[in-house]
Every structure is written in structure tokens, then in C-alpha cells.
DNA sequence: ACATACCGACCGACCACTCGGTCGGTAGTG
DNA sequence: CACTACCGACCGAGTGGTCGGTCGGTATGT
């Protein structure tokens, strides 16, 4: 998406353009997270960015394009965990990575709210974020399924553990805890609760003496 | 809400009013479930009900009032499980009731969609359904907390089981499975997955020989 | 000259909601 | 029975406001 700087890097015009774009994405992330996509107006994003509506639409041809940029940015920030260049964690280590992800998300309510909002809004196929949400779930599902299967192969996880159910339930716990965390931010620890859930999984499906 | 019939009960005018009202609530439930509250227009509800917009607003003074009627109806249908007149189930039986609730919900995608949608939309305090969502979660939390505590007292559940975490995680699993079920209706069984989760809980926190 | 960043003015569509009325049925009175 | 008074159900035609998006222009830097 980012094209090479054709002028000197410090050019005021280009810099200003990039800055406006980035700021608009940040503002849109926050507003989409709290008011949803349909509940947020382009004018509101523009105002909070410090642009006129036309100025904002100069950078993003449509509201949907702005949403796409927001989702792209979210993927970029989270992608290191799942689709990063490093090898993905396997076996129980994958669940530890998810715990770490939960801990990190606890410091970024904007991104959590954005996801919870959009996941619910985009259930209907006509929503501009529908395919993104589908792919997001498919990605996590596939990643976690592979990790659990690998855990079986290397003797960490019991061979009779129901992979699909474990995977879906784990994802469900993450999503559900996020929802509750948004409703009572101070009184819920996503990290602790998820860690306890993983402990329960280990107690049930760990092969004794393997970790 | 219902005032005493000043005329004979079978008056055709009154009956027609009740019917229109009920149909409007049913239609609104469906539309709110698929398009959300903000994404649904009063005109759309009116058209699908078979009324003009003015006719619909004759029965419900505002869109928010229509939403309130929808939520009231949902509570009425689900309330038997949690706040019914019969004594609430305690100990592990409470989780069996939740399994039954999941099974019943599997046959009513409208109500599931309505809840998932509104729970996400109503995170922001200004949303007309915000307090309803808060109370809904508080109700389930309290109900399940009491059940788990009672299970400890009667020796079904281990005394060192972390009540709060178990309760929050259980609610999270329900919510998360609903979300996934909405995204892939045919490929997920909320009932089976939740049942497996309960099995994992039992394996970890059941007191041996008690059930 | 040329591209980029940006704005003011505007547009048609849609929004929730209001207003003034019609219509059919009911109750009371004679 | 007829007549009046009244009711709830419902509609057509608006209200002002907001929506996403377009267009023509200006200012600026290369």
C-alpha cells in the first residue's frame, strides 16, 4: 500500500498527506470502535481528524475504503502474532501466545471494541466488512487447528481431544471475554480468565509428563 | 402495560390493534437482528409489518419504544429459564439448563442475532439498549454465581474452584459460540460445543463421586 | 506546467418524527 | 330505531436534519 517517496522524504506536502491519512485511520478506528461503522459519519471522522469532509474523502474515495484502511491497519498490528514471518507456535505454546495476545489487547481497548463491533455488525453478508470478518475467523481457526494437531503429533495433547470443539471454544472464550471486558472495563481481567481457561484445557487434555 | 378492556373483549378494532402491535414487534425483532438497531429504519419495519410509517408510530411513540417492546418480548420468552417461578437449578444442574438454553436457541436464530447485535451495539452508554444489556449480563452472572456457590455448598463443586472466573468464562463461551454460529450456521453446533465445555469444567472441578 | 492537499458549496437520498385528517366501530341518549 | 359524541387505528404529506458523495476551485510545493 505504501508507495516509495518520490520526492525528498521531508517534503511538507507529502508528509502532511501521509500524516493526515494516518491520523484519519486512527480517528476512524476509535469512532468505529465506539459507535460502529454505520453509527459513525464521515463528517465526524473528518472533524476529529481536523479535515473537512471533502478533505477526508480526498484520501479515501468512500467510507468503505476508509473502513478497509482501518482493518488493514488492524491486521498489520496483530498479524505479527499469527501470520508473522517467524514460525507459528505449536501445541500448548499456541495457547500461551493467545494469552499474550489477550494481555496486549487489554491495553488497547480501541482495537478490541473495533473487532467486537464489526464482528457483530458484519454478520450480514452485505456489510462491507463481512468477508474480512469471515477471513479473520477462518485464519484464527486454521492457525489454532494446526497448532492443536501439531500438539497431538508431538505428544503434548491427548490424541482423543476433540480438535474442532477445542478450537471453537477457545475462540469463543476470547470473543466473549472481550465483550464482557468492554461492558465492565475495570472489573474483568481478560488475561487471568483466559489463562484459567487454558489451565482447564491442559488439565483435561494434556498428556501427563509432557508439560 | 395492558389496560382493562372497557368494551367487550372481542371488539374487532381492539383485536386488530393488538395484532398489528404484535406483528410489528416480531418484524422489528427480525430486522434488528439482521441489520442492527441503527441499521434498521422505522419505515422498513412499517413496510414489512404492512403498515405505513405513521401507523407504526401510532402504536410505538418512538423507535426506541419499539426497541423496548422487542426487548421486553425477548425477556418474556427467555425469562422462564432464569427468573421463572420455579426454583432455579443449582450446582451442575445450572450448566445443564444452559445447555438446554443453547439447544433451544439453535432453533431461534432471530433471537440469537438480536442479542449478539445489540450486545455489541449497546456497549456505548448512550445506546438505548445499554442498560438492558448491562442488566441482562448482571442477571445471568448473578444467577450462575449463586448456582456455582450452591454447588460448592452441597459438595458437588470443588471448594477451591474460582467462581468468578468459571462464571465469566461460561458466559463468554455462550456468547462466542453464538457469534460463530451466526457466521457459519450449518457448520457449528452450539449445543455440542457447549456441552463439551461443561464436560471439561466437570472434569476439572467436580468433586469425585458426586455426579 | 503539473501534481498534491484541501476546502466550500452543493446534491439527492434517507432519517426519525409530526400533523391534520379519514374511517369504522362503540356508547349513550331519546 | 336514529342521532350525537367519541374513540382507537391508520394514512398522506410533510418537517428539519443528517447521510455519503460530487464538483469546481485554491493554495502550495516541485
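Residue numbers (full-length UniProt numbering), protein chains in the order written: chain F, 1 to 211; chain B, 1 to 211.
Think of the CB as a built atom: it goes at the ideal place given N, C-alpha and C, for glycine as much as any other residue.
Taking C-beta to C-beta, are residue i and residue j nearer than 7 Å?
i: residue 49 of chain F; j: residue 23 of chain F; result: yes
i: residue 122 of chain B; j: residue 120 of chain F; result: no
i: residue 101 of chain F; j: residue 150 of chain F; result: no
i: residue 29 of chain F; j: residue 136 of chain F; result: no
i: residue 145 of chain F; j: residue 197 of chain B; result: no
i: residue 25 of chain B; j: residue 69 of chain B; result: yes
In angstroms, rounded to a whole number, what distance separates the CA positions of residue i and residue j?
i: residue 54 of chain F; j: residue 192 of chain F; result: 45 Å
i: residue 31 of chain B; j: residue 98 of chain F; result: 35 Å
i: residue 152 of chain B; j: residue 171 of chain B; result: 19 Å
i: residue 223 of chain B; j: residue 155 of chain F; result: Nothing can be reported for residue 223 of chain B, as the shown portion of chain B is limited to 1 through 211.
i: residue 44 of chain F; j: residue 134 of chain F; result: 28 Å
i: residue 92 of chain B; j: residue 35 of chain B; result: 36 Å
i: residue 47 of chain B; j: residue 56 of chain B; result: 9 Å
i: residue 73 of chain F; j: residue 114 of chain F; result: 12 Å
i: residue 108 of chain F; j: residue 33 of chain F; result: 11 Å
i: residue 206 of chain F; j: residue 158 of chain F; result: 6 Å
i: residue 17 of chain B; j: residue 75 of chain B; result: 22 Å
i: residue 162 of chain F; j: residue 63 of chain B; result: 45 Å
i: residue 27 of chain F; j: residue 187 of chain F; result: 27 Å
i: residue 58 of chain B; j: residue 94 of chain B; result: 42 Å
i: residue 148 of chain B; j: residue 184 of chain F; result: 21 Å
i: residue 126 of chain B; j: residue 128 of chain F; result: 25 Å
i: residue 124 of chain B; j: residue 180 of chain F; result: 13 Å
i: residue 166 of chain F; j: residue 103 of chain F; result: 21 Å
i: residue 132 of chain B; j: residue 130 of chain F; result: 27 Å
i: residue 86 of chain B; j: residue 86 of chain F; result: 56 Å
i: residue 78 of chain B; j: residue 88 of chain F; result: 43 Å
i: residue 160 of chain B; j: residue 160 of chain F; result: 28 Å
i: residue 164 of chain B; j: residue 164 of chain F; result: 26 Å
For my contact list, residue i and residue j are in at a C-beta cut-off of 8 Å; report their separation, rounded to the angstrom.
i: residue 66 of chain B; j: residue 20 of chain B; result: 12 Å between Cβ atoms; not a contact.
i: residue 173 of chain F; j: residue 194 of chain F; result: 6 Å
i: residue 175 of chain B; j: residue 175 of chain F; result: 7 Å
i: residue 177 of chain B; j: residue 190 of chain B; result: 5 Å
i: residue 118 of chain B; j: residue 37 of chain B; result: 7 Å
i: residue 116 of chain F; j: residue 105 of chain F; result: Rounded, the Cβ-Cβ distance is 11 Å, inconsistent with contact.
Determine which residues share a DSSP beta bridge with residue i and list them.
i: residue 174 of chain F; result: Answer is none; residue 174 of chain F lacks a bridge partner.
i: residue 206 of chain B; result: B:157
Original post:
Quick check: the segment 193-203 of chain B against the segment 128-142 of chain F, are there 3 or more CB pairs under 8 Å?
Top reply: no
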